[in-house]
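End of the sequence shown sits at 835 in our numbering; the numbers just go up one at a time, nothing left out.
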Amino acid sequence: MKMKTKILLTILPILIIGIISTNIAFGMFFQNFILQSEEDKIRVSADYIYTFLEEKLTAYLGTVNDWSHWDDTYFFVENSNENYVDLNLTESSLDSINISFIVILNSDDKIMHQSYYSFEEEKITDFPLDLIKHFEKVLKFSKSAEDVTGVISIGDSYYIVASSLITDSLEKESANGKLIIGREIDRNMITQIEKASGIVISDMNVISETKQTYESDRPNIVEINYDEYDDNIINIKAMIPNKYDLNASTIFSIIMTRDLYLRGMKQAFDFSVINTTVSLIISFIIFLLLGKFITQPFTELMNDVLKIDLTKSGIHAIPESGKDEFSFLRKSINVLMNKVVNGQNELTESKEEFHTTLISIGEGIIRVDNNSKIKFMNPVAEKMTGWSLNESQNEDLDAVLIIREEVGEELLGNLAEMVFESENTVKISNNNRVIAKNGDTVDVEITAAPIKNLNGAMMGCVLAINDITENRKKQKHIEYLSYRDILTGVYNRSFYEKKLKEFEEKEDASVSMIIIDVNGLKLTNDAFGHETGDRLLIKVAEGIERSIRDQDMVCRIGGDEFVIFLPRANSEEVISIITRLHAAIEKEKIENIPISVSSGWATKQHKNEIMESVFKLAEDMMYHNKSSDNKSQRHQTIQIIMKTLFEKNPREEAHSKRVSDLCLRIGEQMEMDPSKIKNLQTAGLLHDIGKIGIGNDYLDKAGPLSEIEWLEIRKHPQISHNILSSVNDYGPLADIVLSHHERWDGKGYPNGLAGEEIPLESRIIALADAYDAMISDRPYRMGMKEEEALVIIANEAGMQFDPKVVDIFLKKVMYSNDTDLE
14 MKMKTKILLT
24 ILPILIIGII
34 STNIAFGMFF
44 QNFILQSEED
54 KIRVSADYIY
64 TFLEEKLTAY
74 LGTVNDWSHW
84 DDTYFFVENS
94 NENYVDLNLT
104 ESSLDSINIS
114 FIVILNSDDK
124 IMHQSYYSFE
134 EEKITDFPLD
144 LIKHFEKVLK
154 FSKSAEDVTG
164 VISIGDSYYI
174 VASSLITDSL
184 EKESANGKLI
194 IGREIDRNMI
204 TQIEKASGIV
214 ISDMNVISET
224 KQTYESDRPN
234 IVEINYDEYD
244 DNIINIKAMI
254 PNKYDLNAST
264 IFSIIMTRDL
274 YLRGMKQAFD
284 FSVINTTVSL
294 IISFIIFLLL
304 GKFITQPFTE
314 LMNDVLKIDL
324 TKSGIHAIPE
334 SGKDEFSFLR
344 KSINVLMNKV
354 VNGQNELTES
364 KEEFHTTLIS
374 IGEGIIRVDN
384 NSKIKFMNPV
394 AEKMTGWSLN
404 ESQNEDLDAV
414 LIIREEVGEE
424 LLGNLAEMVF
434 ESENTVKISN
444 NNRVIAKNGD
454 TVDVEITAAP
464 IKNLNGAMMG
474 CVLAINDITE
484 NRKKQKHIEY
494 LSYRDILTGV
504 YNRSFYEKKL
514 KEFEEKEDAS
524 VSMIIIDVNG
534 LKLTNDAFGH
544 ETGDRLLIKV
554 AEGIERSIRD
564 QDMVCRIGGD
574 EFVIFLPRAN
584 SEEVISIITR
594 LHAAIEKEKI
604 ENIPISVSSG
614 WATKQHKNEI
624 MESVFKLAED
634 MMYHNKSSDN
644 KSQRHQTIQI
654 IMKTLFEKNP
664 REEAHSKRVS
674 DLCLRIGEQM
684 EMDPSKIKNL
694 QTAGLLHDIG
704 KIGIGNDYLD
714 KAGPLSEIEW
724 LEIRKHPQIS
734 HNILSSVNDY
744 GPLADIVLSH
754 HERWDGKGYP
764 NGLAGEEIPL
774 ESRIIALADA
784 YDAMISDRPY
794 RMGMKEEEAL
804 VIIANEAGMQ
814 FDPKVVDIFL
824 KKVMYSNDTD
834 LE
């Protein structure tokens, strides 16, 4: 098959696939783009309807509030003053405020006045029969809240209705009635929406309960149907929520033309036709150019190469006309032929270069013949062995290269003979040393490989000697580190297990064990962070090492546990060492907290005793000692943590005491059990103990916290819980403190509890904490007035705070005369 045919068969399928793929990809992309644009247009139209209705609802709610909180309206209901109607409820008034009807009811729902204004007739007329028939629906809607507005269906019509209680302008008197206004959503209003949004509204419907699957505060496209008989239109149902009643929505049936889609798909089809035509034309041109510039020159080159005859004495170069790739290929062929002629010279040069490489390489190189006589040695090998090349010529290899094992000091045999016997490469790398003439040693790895001729016969052997002295030093250092605890520098658990096995296998070995357990490590980590906990462990390790004998070995076998091996130590020595190490350790402090450890010890009594049983005896003694003194130490730690927090941030001390006092007063007013009141008061004092682990740069920042800083602050309830739960007596307070930033509505932290899932004491602390924070100065703001804070507390009842706790707080704690908060 000719090259031209191959090119054609290669290009044609690629071309067809490329054209089809391009057209399909562009068509799909463009169609998706157009459909997305069309959907965006639908959403813009729905948003406009939502905005239009929201503005209308807001406007009519404002109008009904203006009229219902007007003294004239109030006194009209009180006195039935007819002048009020004549002066205010005229045709021009109803037209100017753009309402269809107004109804005034007294407190007994008796109609004091009603007017209906027809925008079509431009005068006050009788109420439409549908409105009269379904007016009970309007009354029911008006009772849903004091101020309410929304869209309701009345018969075949839809009205924007707004209602408000009638009071005097200062709202000093009780409401004496209700004012209801309504505006029919007539054709003019629908047309106004259609012109602005570019759609046609075919129907609408009001639903009272919006399904939860839809967003309640934005328009939702419920349904999109493409007309089966008319490609030019789309039928859409849009759910428009009521901003003032999120449970009520209006469904609009919308018709929208598909001009954008049809124009776009027409352009996509035109593109496909143009793309196909242009691609075919370009492909044809490319095929012609390939024939002229590739297949024809290639045929000429092939004919010239066939004329070359390597059997003749002279080799003639082929023509090198032109500057294209074929010309370059011709030149390359000529160069290749020249390389054949000059090959022997280059081979000679290569041998010289190889010799130079052997001399300059960083490894020691020794070459021997098949009798193990040295024929070559480079300078590195000369330095390692102490022999020069001239001295070593024709010497036996094992006389010059002396290799000894590091352990055992045994000499190795002749490596060359090992290679000759196996006819394979031999490598030694396990702790071997080369001994020089002057006695110096070098740690080495040696690879010995056979040298064979073309027929496979053995001609000799070459040895590559690598100096690994530095690597061995590093390896030994790593082995040292593998038995050391990185943090404290004492031995680690691996060393402990190794020594445990050794002492058990040596039946005559007398050894005692001391177990040291660091008290309060977890509490220290929770309160001050793991960096402080690490410093605690380091101080304990240093105290132990200062107290033991030179032959004793201390190991860290767990997070807070150390073991000391004391070979050949009697009981008096062990007790003396324990006394010293307790004194050395317990005089130290971390964050003003005295360091405390618990210890126990045991001795291997007879040669067959298992070391694990010795460890168990020491551990039992340690736990016995730990239980006797740990409780008071943890109590002391809690008090020191609080003192440290208050010294670090005096504002926190004042805040904690005020919160504790408020909790006491609320608990007393709620008639809680005295023991629970005591726990509540203590929890109020300790509720922010977790802030000991948070820096003052966060607590005293004179500005808003960043997201990262805020996340750090929000950790303090969990830290407080961790600290308190470590002390049995404070255990009941831990869960209370953990939940003091939870909210009644479930939006709090750290666990998102809601309602009565939150402990009552936590709900009380949450209110007391928030109230004191609001009225207290902060670096980034001044404290607010008590009256302002109480208003916020009242408004947050049922959302942030427990309504019952808020009620007790406002009526019995803050207002002893039981007056309501104005």
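Ideal Cβ placement from N, Cα and C applies to all residues, glycine included.
Indicate the three-state DSSP secondary structure (helix, strand or coil) for M125 in the structure shown.
strand
Restricting to Cα atoms, I'd like to know which of L780, R380, R497 and A596 is closest to I478.
R380
Drop a sphere of 10 angstroms on the beta-carbon of S612, count the other beta-carbons inside from all chains shown, and report buried for 16 or more, exposed for fewer.
buried
Consult DSSP for P232 and reduce its assignment to one of helix, strand or coil.
coil
Return the first residue and the last residue of the beta strand (DSSP E) that M217 is part of.
V213 to I220
Pick out the complete alpha helix (DSSP H) segments inside the region 752-829, 4 residues or longer, and give them in chain order.
773-788, 799-808 and 816-821, all fully within the region 752-829.
Beta-bridge partners of S442, as assigned by DSSP:
For S442, which the question treats as bridged, DSSP gives no partner whatsoever.
Tell me which same chain residues have a C-beta within less than 6 angstroms of the C-beta of S128, skipping the five on either side of it?
L102, I115 and I137
S176 and I193 closer than 8 angstroms at C-beta
Yes, they are a contact pair.
Less than 8 angstroms between the C-beta atoms of M471 and F508, yes or no?
Cβ distance not < 8 angstroms, so M471 and F508 don't count as in contact.
Cβ-based burial, G80 [other Cβ within 10 Å; buried from 16]:
It is Trp, not Gly, that sits at residue 80 in the sequence shown. Under this definition W80 is a buried residue.
F265 to I220 span [Cα, whole Å]:
11 angstroms
If you count every other CB in all the chains shown that lies within 10 Å of the CB of G463, and 16 or more means buried, which is it?
Going by the sequence as given, residue 463 is Pro instead of Gly. Buried.
Length of the line joining the Cα atoms of V610 and D530
6 angstroms
In the DSSP assignment, find the alpha helix (DSSP H) that holds I491 and state where it starts and stops.
Start and end: T482 to S495.
For the region 186-205 and the region 145-162, state whether three or more C-beta atom pairs, one from each stretch, are separated by less than 8 angstroms.
yes
Among E665, P392 and I570, whose alpha-carbon lies nearest the alpha-carbon of L699?
E665
Whole-angstrom distance between H754 and D833, CA atom to CA atom
Caution is warranted here: a pLDDT of 44 is assigned to D833, below 50, making its placement in the model unreliable, and no coordinate value can be reported.
Is it true that the region 596-607 meets the region 550-569, where meeting means three or more beta-carbon pairs spaced less than 8 angstroms apart?
They touch, by the three-pair rule.
Tell me which residues share the same chain as A281 and place their Cβ nearer than 6 angstroms to its Cβ, disregarding the 5 neighbours each side in the sequence.
G40 and F43
Would you identify the three-state DSSP class for V740, choosing helix, strand or coil?
coil
In DSSP terms, what E172 is bridged to:
The sequence given here places Tyr at residue 172; Glu does not occur at that position. Beta-bridge pairing links Y172 to I165 and E197.
What's the gap between the Cα of F300 and the Cα of L21?
Pairing F300 with L21, the inter-Cα distance amounts to about 7 angstroms.
Of the choices F140, N444 and V413, whose alpha-carbon is the least far from that of A429?
V413
With the cut-off set at 8 angstroms, would you say N445 and I416 are in Cβ contact?
yes
Over the uninterrupted beta strand (DSSP E) stretch that includes D456, give me the two end residues.
T454 to K465
Between the CA atoms of K704 and L746 - distance to the nearest angstrom
If you take the alpha carbons of L746 and K704, they lie about 16 angstroms apart.
Please look up how many angstroms separate the CB atoms of L314 and L342, rounded, as I've assumed it's under 8 angstroms.
7 angstroms
Spell out a yes or no on whether the region 67-80 and the region 158-175 are touching, meaning 3 or more CB-CB pairs, one atom from each, closer than 8 angstroms.
yes
How is I20 classed by DSSP in three states: helix, strand or coil?
helix
If I follow the unbroken alpha helix (DSSP H) through D674, where does it start and stop?
Unbroken alpha helix (DSSP H) run through D674: P663 to Q682.
How should H734 be labelled, buried or exposed, when 16 other C-beta atoms within 10 angstroms of its C-beta is the threshold for buried?
buried
Which class does D498 belong to by DSSP, given the choice of helix, strand or coil?
In the structure shown, the three-state DSSP call for D498 is coil.
Contact belief for I124 with R196 at Cβ below 8 angstroms, rounded distance in angstroms:
Not a contact, Cβ separation roughly 19 angstroms.
Excluding the 5 residues preceding and the 5 following Q682 in the sequence, name in chain order all residues of the same chain whose CB lies nearer than 6 angstroms to its CB.
If we look at Q682 and ignore the five residues flanking it on each side, its Cβ neighbours are I821, K825 and V826.
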